[in-house]
Amino acid sequence: MGTYGRDIGTTLPKLLWQLVEVIPKGCRLRLGMTNPPYILEHLEEMAKIMSHPRVYGFLHVPVQSGSDQVLADMKREYCRSDFEHVVNFLQARLVI
Numbered sequence: 032m033g034t035y036g037r038d039i040g041t042t043l044p045k046l047l048w049q050l051v052e053v054i055p056k057g058c059r060l061r062l063g064m065t066n067p068p069y070i071l072e073h074l075e076e077m078a079k080i081m082s083h084p085r086v087y088g089f090l091h092v093p094v095q096s097g098s099d100q101v102l103a104d105m106k107r108e109y110c111r112s113d114f115e116h117v118v119n120f121l122q123a124r125l126v127i
């Protein structure tokens with residue numbers, strides 16, 4: 032989900048704002064999963080979207096390891112501090 036739009040010159044937040052505008056009253060959008068590097072560049076906007084009354088304040092961000100060395104060995108594009116930043120940022124801005 033997080034890489035949406037990179038190949039067509041748009042962003043995930045732009046798509047989500049368009050979807051929010053057409054969600055019928057009484058319905059809610061549930062976001063799926065994204066990895067830390069793909070949400071970092073849109074973190075502020077994603078927090079705003081997830082705070083909208085028609086969007087669940089939930090996002091699955093997997094923890095694949097707490098070790099930077101293991102993440103590097105797995106060729107992940109993020110480190111432990113990136114994950115912590117995403118979680119702390121969203122927790123501070125969303126009612127959980």
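FYI, the numbering for the sequence shown is 32 to 127, going by our numbering.
Positions of the beta carbon are idealized from the N, C-alpha and C atoms, including for glycine.
Candidates 113, 32, 33 and 57: closest to residue 83 by CA position: 57
Same chain, Cβ closer than 6 Å to residue 91, five either side skipped, listed in chain order: 64
Buried or exposed (CB count within 10 angstroms, at least 16 for buried), residue 126: exposed
Environment of residue 66 [buried if 16+ CB atoms lie within 10 Å]: buried
is_contact[residue 93, chain C] using C-beta, thresh 8 Å: Among the chains of the structure shown, chain C does not appear; only one protein chain is present.
Candidates 74, 110, 45 and 96: closest to residue 122 by CA position: 74
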